[in-house]
Structure formats: structure tokens, C-alpha cells
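Novice: Mapped onto numbering that gives the first Met the number 0, the consecutive letters of the sequence shown carry residue numbers 0 to 482. Quick one: the structure is below, and I'll ask about it shortly.
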Amino acid sequence: MTMRAQSWMLVSLLLLLEVLCSWVDASNPGIVNRITQKGLDYACTEAVTTLEKELLMIKLPDFEGDFKIKHLGRGEYHFKSLNIQSVELKNSKLDLVPGEGLKASISNAFIHLDGDWRARKSFLKVSGSFDLQVKGISISVSLRLSSDSSGRPTVTNKQCSSHIADVDLDVSGKVGWLVNLFQSQIESKFRRILEDKICEIVKTSVASDLQPFLQSLPVIAKIDQIASMDYTLSGPPQATRHSLDTPFKGEFFRQSHRSTVPFEPPAMKLPEDHDLMVYFGISDSVFNTASQVYWEAGVMNYTITDDMIPSSFSIRLKTSSFRALVPQLGKLYPNMPMELQISTSSPPVMVFSPGNVTLTPVMDLQAFVILPSSLRVPLFLLSMTTTVTATMGVNASRLVSSVTPGSSLTMELKHSNIGSINVPLIQAILNHYALSTLLPAVNENLEIGFPLPLPRNIQLHDLLVQPYQDFLLLGANVLYTKK
């Protein structure tokens with residue numbers, strides 16, 4: 000990757016969140032990304048530091064022209080081996096323009112160059128070295144951002160202007176006084192060429208570095224073998240004096256077959272917090288599309304067998320252990336293994352409220368006895384309801400979660416093939432099975448999580464995770480890792 004590309008990488012975080020879409024989806028977004036002025040300031044500092052290093056490595060072309068001196072006539076000059084010795088990019092800013100986008104500006108910058116010169120007038124040839132002080136450089140850049148038909152961001156240079164307040168040329172060498180005679184002419188030409196060169200570099204960087212980098216952002220992120228996440232842009236950003244919000248679709252879908260989501264994301268109103276650099280409003284619809292996808296794929300059905308029960312638990316999944324609870328079970332199927340199959344009749348719904356994230360799944364539990372022939376014979380069917388509490392967190396750049404029991408399982412007998420059974424006692428036993436076996440299996444899947452829409456080389460720290468009504472607020476400061 001070129002140095003020019005690296006100088007834009009931090010700013011690309013802002014651009015991804017500031018994309019002005021060429022189309023607008025009428026539905027509410029699943030994810031809203033917000034960047035604050037604090038985030039803009041950090042991005043600006045990092046980008047300018049990188050840009051200063053980049054400028055020191057630029058190879059400047061030779062500079063030549065002709066001159067005219069009164070009483071001496073016309074001659075030619077040639078400046079070569081131009082090297083940038085130092086750069087100071089002062090007073091840099093990235094500003095939000097409400098209703099429009101971003102404006103990058105640098106004022107009172109300074110560049111020091113040196114090199115060699117030579118001049119010729121007829122048979123007279125002179126040469127030497129020079130120092131060039133370029134002072135009071137100001138640059139202003141506006142970017143036009145949109146998206147293509149695939150939902151990927153695009154960027155073009157909308158406006159670039161540069162101005163150099165002062166160019167001070169100091170030459171040395173034999174008869175350097177000759178160059179001093181037309182010094183103001185050379186300084187003026189240096190100023191014009193450098194002003195044009197600055198915007199030329201900006202335009203080239205946007206077209207050859209920044210645009211391909213933005214286009215590399217995947218709008219589809221693969222989660223696992225079953226699901227992917229849709230990160231296409233769903234509308235234009237909303238720029239204010241303090242922050243910038245950009246909506247993403249944020250929808251899970253099944254890789255083998257994409258179906259229409261049976262619900263719309265609710266509107267999100269993010270709190271007016273500006274202490275951190277970036278915020279993510281993640282709608283409960285994101286999690287519930289995930290629930291829909293995995294439920295349709297059948298992965299929310301669990302089977303519990305005796306070898307999954309902790310060895311310390313005295314009541315085993317065998318008919319002999321249930322003999323006191325269901326006397327006829329031991330008579331009909333003496334000392335035979337049992338199996339429990341847990342399924343859900345509909346996708347569990349995750350509910351966000353201030354300070355809490357809960358699920359109230361409705362499940363069926365079918366008990367089987369396994370005959371010596373391996374045939375499974377149904378014994379009884381129970382309906383189960385419970386409330387669990389979810390905890391959200393971030394692992395690297397992925398949002399992960401885990402669940403803990405909020406209340407005990409409540410069971411009701413739906414059908415029995417072996418007569419009456421003692422539901423309260425069975426409920427107490429199965430509660431233990433669920434806590435020791437089912438919850439760890441669920442949490443293992445939830446640890447996979449899903450990636451946040453971030454450019455590469457961006458890490459989050461100082462994390463804030465807070466549930467609000469209908470959405471989760473994630474706030475963070477940003478660390479750019481220069482790789």
C-alpha cells in the first residue's frame with residue numbers, strides 16, 4: 000500500500016460514515032453509526048501525522064524555465080535534485096458542514112526544500128545550491144460522497160483550493176547574484192506550480208487510493224456457514240454541527256436462501272452524547288433477524304443426552320432415575336436411557352429496554368426412551384417458558400453476547416404417552432439440566448457474535464455498552480494501528 004493510501008485510511012473512517020447515498024431506503028436502519036467532533040479531531044491528527052511523513056518521501060520533478068534581465072537579455076535556468084527536508088502541517092481541521100458533509104483544511108503550513116541549480120546565458124554557465132522556504136500554505140478540500148448500485152461507498156473530489164503566502168528562495172554558488180536578479184520571477188513561478196501540485200496530489204490520492212480503499216469495504220460480512228450480515232447503506236447521513244449519523248441496513252440473512260424479514264426495525268433516537276469518538280446504535284431488529292435466520296436453519300433445536308449431564312449430578316437421564324416421579328416409566332422401560340429434545344415453535348425475540356436485554360423463549364420439551372434397538376419412543380411433551388437476561392460486550396471488533404437465567408423454567412404438560420406425571424418435580428430436575436447443559440451450548444454460539452462496520456486497522460477501546468428502548472448503544476474511542 001502506498002504512503003498516500005495510508006494517509007487517507009484514518010479519514011476513511013469518517014468517509015464511510017458520511018457517505019451521501021444516491022438512493023434512499025424508506026425503512027428504518029438496523030445500525031446507525033455516529034462520529035463526534037472528538038472523533039474528527041483524532042482522525043485529523045493521525046492523518047496529518049501520516050501526511051507529514053508522506054510528504055518527506057515525495058519525489059519532486061525538476062523545475063526549469065527562462066528569464067529576461069534588462070541589458071543582459073534572455074537566459075535559461077534549471078532547478079534539480081529537489082528534496083523536501085521538513086514539513087509542518089499546522090492548524091489542521093476536519094469540520095462537519097451541516098446538510099452537506101465534510102471539509103478538510105490546513106492553514107499556516109510550512110515546507111523546506113533544497114536542491115541544486117544552474118543557469119545559462121549564451122556562453123555563460125553558472126551553478127550552485129539553493130534553499131527554498133514555502134510558508135503560509137493553506138489547503139481546503141471538499142469531498143463528494145455517494146454510493147453505487149451495490150451499496151458500496153464512492154468518493155470524488157468536489158473542490159480543492161490551495162494558497163501559498165510566501166516563497167523565499169536563497170541561492171549560493173559562484174555568481175549566484177545572477178539568479179538573485181530574477182529571484183522574484185522564480186519565486187512567483189514556484190508558488191503557482193506548487194499550488195497546482197498540491198491539488199493535483201489530492202485528486203490523484205482520491206481517485207487512485209481512497210476510492211479503491213472504500214470500494215474494498217464488503218457490504219456482505221460472512222458470520223458462519225449459515226448466516227451473513229448485510230451492511231449496505233440504507234440512506235443518507237444526517238450532518239449536524241456536532242456529529243454525523245449514517246444508517247446501515249444491518250440485517251442477518253441465510254446464505255442458502257434469503258427471505259423477507261417479517262418485521263421492520265423501530266426508529267432509534269440516539270442520546271446526545273459526545274464524550275467518545277464514535278457511537279453505534281444497534282437496533283433490536285439486528286439481533287432478531289439473527290434469531291429468525293438460525294431458527295429457520297434449525298440450529299435452535301437442542302438434544303440432551305446422559306453423557307452431556309455433569310458427572311456430579313446424581314439424577315441421570317435413565318428411566319431408573321425417573322422411577323419415583325413416573326412409576327409406570329420404570330415398569331414399561333426398565334433401566335433404559337432417555338433423551339430430551341428441546342425445540343422452539345417460533346424465533347425467540349430479544350427485547351431491549353433501558354438498562355436491560357431480555358428474552359422470553361417458548362419451547363417444547365419432548366422426552367424419549369431409547370430402546371435396545373436404538374428406536375426412540377416418545378414419552379411425554381412439555382411446554383416451557385422462561386425469561387433470560389442477555390449481556391452484551393465487544394471482543395476485538397465483534398459484538399458478542401451471553402445469556403443468564405432470569406427466572407426458572409415454567410412447564411406445562413401438553414401430552415403424555417405414559418399416563419400422569421409429576422410435572423413440578425420433573426420441572427425442578429429439568430431446570431438443573433437446562434442450567435448445566437442448555438445455557439452453555441447457547442452461549443457458545445452467542446460468543447461468535449458479528450463484526451461491527453469498521454475499516455481495517457481500526458480498534459475500539461474505552462467501551463460503553465448500554466441498552467436503551469429498542470436498541471443497544473455502543474460507544475468507544477478509536478485507535479488507529481499503523482500496519
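Every residue, glycine too, gets a C-beta built ideally from N, C-alpha and C.
(1) What separation, rounded to the nearest whole angstrom, lies between the Cα atoms of K124 and V140?
(2) Classify Y432 as helix, strand or coil using the three-state DSSP reduction.
(3) Check for me: the alpha helix (DSSP H) holding S104 runs from which residue to which?
(4) Contact check, M391 vs L471 under 8 Å by CB: the rounded distance?
(5) In its own chain, which residues sit with a C-beta less than 7 Å from the C-beta of P97, not counting the 5 before and 5 after it?
(6) In angstroms, rounded to a whole number, what distance separates the CA positions of Y332 and N416?
(7) Given this structure, state the Cα-to-Cα distance separating E51 from V86, to the nearest angstrom.
(8) Going by Cα to Cα distance, which pick from L424, S161 and D130 is closest to R322?
(9) Specify, as a first and last residue, the run of the alpha helix (DSSP H) that D40 falls within.
(10) Answer yes or no: do M349 and M383 have a C-beta to C-beta separation smaller than 8 Å?
(11) Taking contact to mean at least 3 C-beta pairs separated by less than 8 Å, is the stretch 217-227 in contact with the stretch 153-162?
(12) Quick one, which of L328, R315, V260 and T203 has its alpha-carbon nearest P377's?
(13) Starting from the C-beta of L462, find all residues in its chain whose C-beta is less than 6 Å away, skip the five residues before and the five after it, and write them out in chain order.
(14) Check the DSSP bridge columns for V205 and list the partner residues they point to.
(15) Can you tell me which of E75, R73, N355 and M335 puts its alpha carbon nearest to the alpha carbon of F367?
(16) Alpha carbon to alpha carbon, how far is S146 from S21? Give it in angstroms, no decimals.
(17) Compute the Euclidean distance between the alpha carbons of V260 and L232, then round it to the nearest angstrom.
(18) Output the boundary residues of the beta strand (DSSP E) element that contains F379.
(19) Between the C-alpha atoms of D363 and T343, what's the straight-line distance to the nearest angstrom?
(20) When the distance is taken between beta carbons, is H256 closer than 8 Å to Q36?
(21) Is the beta carbon of I192 closer than 8 Å to that of L168?
(22) Can you look up Q224 in the DSSP assignment and give me helix, strand or coil?
(23) Tell me, please, which residues DSSP counts as bridged to F129.
(24) Pick helix, strand or coil for L13, following the three-state DSSP scheme.
(25) State the CB to CB distance for the pair Y467 and P346, rounded to an integer number of angstroms; the pair is presumed to be in contact (CB under 8 Å).
(26) Is the beta carbon of T302 sitting closer than 8 Å to the one on Q210?
(27) What do you reckon, are the CB atoms on L398 and F449 nearer than 8 Å?
(28) Going by Cα to Cα distance, which pick from L316, T155 and R455 is closest to T203?
(29) Could you pull out every residue in the same chain whose Cβ sits closer than 7 Å to the Cβ of M307, ignoring the five residues on either side in sequence?
(30) Taking G329 as part of the alpha helix (DSSP H), name the residues at either end of that continuous run.
(31) Below 8 Å on the Cβ atoms is my guess for I105 versus S91; work out the distance and round it to an integer in Å.
(32) In this structure, what does DSSP give as the bridge partners for K67?
(33) Going by DSSP, which residues form a beta bridge with E186?
(34) So, helix, strand or coil for E250, using DSSP?
(35) Can you tell me whether DSSP reads T1 as helix, strand or coil?
(36) P265 and S290 look like a contact to me (Cβ under 8 Å); what is the Cβ gap, rounded to whole Å?
Specialist: So, from the listed chains and residues:
(1) Indexing the sequence shown from 1 puts residue 124 at position 125. Indexing the sequence shown from 1 puts residue 140 at position 141. Approximately 43 Å between the Cα atoms of the pair.
(2) Position 433 of the sequence shown, counting from 1, holds the residue named residue 432. DSSP places Y432 in helix when its eight states are reduced to three.
(3) Reading the sequence shown from its first residue, position 105 is the one you call residue 104. Careful: S104 lies outside any alpha helix (DSSP H), inside the beta strand (DSSP E) at G100 to K120.
(4) Here residue 391 corresponds to residue number 392 of the sequence shown, with the count starting at 1. Here residue 471 corresponds to residue number 472 of the sequence shown, with the count starting at 1. Right, the Cβ-Cβ distance comes to about 6 Å (below 8 Å), so this counts as a contact.
(5) Taking the first residue of the sequence shown as 1, we reach residue 97 at position 98. Here the set comprises A238, T239 and R240.
(6) Sequence index remark: in the sequence shown, residue 332 carries index 333 (1-based). Sequence index remark: in the sequence shown, residue 416 carries index 417 (1-based). Rounded to whole angstroms, Y332 to N416 spans 13 Å at the Cα level.
(7) Here residue 51 is taken as the residue at index 52 of the sequence shown, counted from 1. Here residue 86 is taken as the residue at index 87 of the sequence shown, counted from 1. Each residue's alpha carbon lies about 6 Å from the other.
(8) The sequence position of residue 322 within the sequence shown is 323, counting from 1. Comparing Cα positions, the closest option is L424.
(9) Taking the first residue of the sequence shown as 1, we reach residue 40 at position 41. For D40, the enclosing alpha helix (DSSP H) has its first and last residue at Q36 to L54.
(10) Locating residue 349 in the sequence shown gives position 350, counting from the first residue. Locating residue 383 in the sequence shown gives position 384, counting from the first residue. No, the Cβ-Cβ distance between M349 and M383 is not below 8 Å.
(11) no
(12) If you number the sequence shown from 1, residue 377 lands on position 378. Ranking the options by Cα distance to P377, first place goes to L328.
(13) The count along the sequence shown starts at 1 and reaches residue 462 at position 463. So the qualifying residues of the chain are V393 and A475.
(14) Start at 1 with the first residue of the sequence shown, and residue 205 comes out as number 206. DSSP, once it has assigned bridges, lists no residue as partnering V205.
(15) The residue labelled residue 367 in the question sits at position 368 within the sequence shown. The shortest C-alpha separation from F367 is found at M335.
(16) For the purposes of this step, residue 21 is taken as residue 22 along the sequence shown, with counting starting at 1. For the purposes of this step, residue 146 is taken as residue 147 along the sequence shown, with counting starting at 1. Because S21 sits at a pLDDT of 32, beneath the cut-off of 50, its placement in the model cannot be relied upon, and the point is left open.
(17) Translated into positions along the sequence shown, residue 260 becomes position 261. Translated into positions along the sequence shown, residue 232 becomes position 233. Answer to the nearest angstrom: the Cα atoms are 17 Å apart.
(18) Your numbering for residue 379 matches position 380 in the sequence shown. R375 to T384 is the extent of the beta strand (DSSP E) around F379.
(19) Residue 363 sits at position 364 when you count from the first residue of the sequence shown. Residue 343 sits at position 344 when you count from the first residue of the sequence shown. In a straight line, the C-alpha of D363 is about 6 Å away from that of T343.
(20) One-based indexing of the sequence shown puts residue 36 at position 37. One-based indexing of the sequence shown puts residue 256 at position 257. The answer is no: Cβ separation not under 8 Å.
(21) As a first step, residue 168 must be located in the sequence shown, where it is residue number 169. As a first step, residue 192 must be located in the sequence shown, where it is residue number 193. Contact: no.
(22) In the sequence shown, counting from the first residue as 1, residue 224 sits at position 225. In the structure shown, the three-state DSSP call for Q224 is coil.
(23) Locating residue 129 in the sequence shown gives position 130, where the first residue counts as 1. G114 and V170.
(24) For this step, residue 13 is matched to residue 14 along the sequence shown. In this prediction, L13 has a pLDDT of 41, which is less than 50 and means its spatial position is unreliable; what the coordinates show is noted afterwards. Helix at L13.
(25) Translated into the one-based positions of the sequence shown, residue 467 becomes position 468. Translated into the one-based positions of the sequence shown, residue 346 becomes position 347. At roughly 22 Å, the Cβ-Cβ gap does not stay under 8 Å, so Y467 and P346 are not in contact.
(26) Position 303 of the sequence shown, counted from the start, is the residue given in the question as residue 302. Position 211 of the sequence shown, counted from the start, is the residue given in the question as residue 210. It is not a contact, given that the beta carbons lie outside the stated cut-off.
(27) The count along the sequence shown starts at 1 and reaches residue 398 at position 399. The count along the sequence shown starts at 1 and reaches residue 449 at position 450. In this structure, F449 lies closer than 8 Å to L398 by Cβ.
(28) Walking along the sequence shown from the start, residue 203 turns up at place 204. When each option's Cα is compared against that of T203, the closest is T155.
(29) For this step, residue 307 is matched to residue 308 along the sequence shown. These residues qualify, in order along the chain: T436.
(30) Counted from its first residue, the sequence shown places residue 329 at position 330. Counting along the chain, the alpha helix (DSSP H) containing G329 begins and ends at P326 to L331.
(31) Working through the sequence shown from its first residue, we reach residue 105 at position 106. Working through the sequence shown from its first residue, we reach residue 91 at position 92. Right, their Cβ atoms sit about 5 Å apart.
(32) By one-based count along the sequence shown, residue 67 stands at place 68. Per DSSP, R73.
(33) By one-based count along the sequence shown, residue 186 stands at place 187. Paired residue(s): none; E186 is not in a bridge.
(34) Counting from 1 along the sequence shown, the entry for residue 250 is found at position 251. The answer is strand: DSSP assigns E250 an E or B state.
(35) The residue labelled residue 1 in the question sits at position 2 within the sequence shown. Caution is warranted here: a pLDDT of 46 is assigned to T1, below 50, making its placement in the model unreliable, and no coordinate value can be reported.
(36) As a first step, residue 265 is located in the sequence shown; it is residue number 266 there, counting from the start. As a first step, residue 290 is located in the sequence shown; it is residue number 291 there, counting from the start. Wrong, their Cβ atoms sit about 16 Å apart, outside the cutoff.
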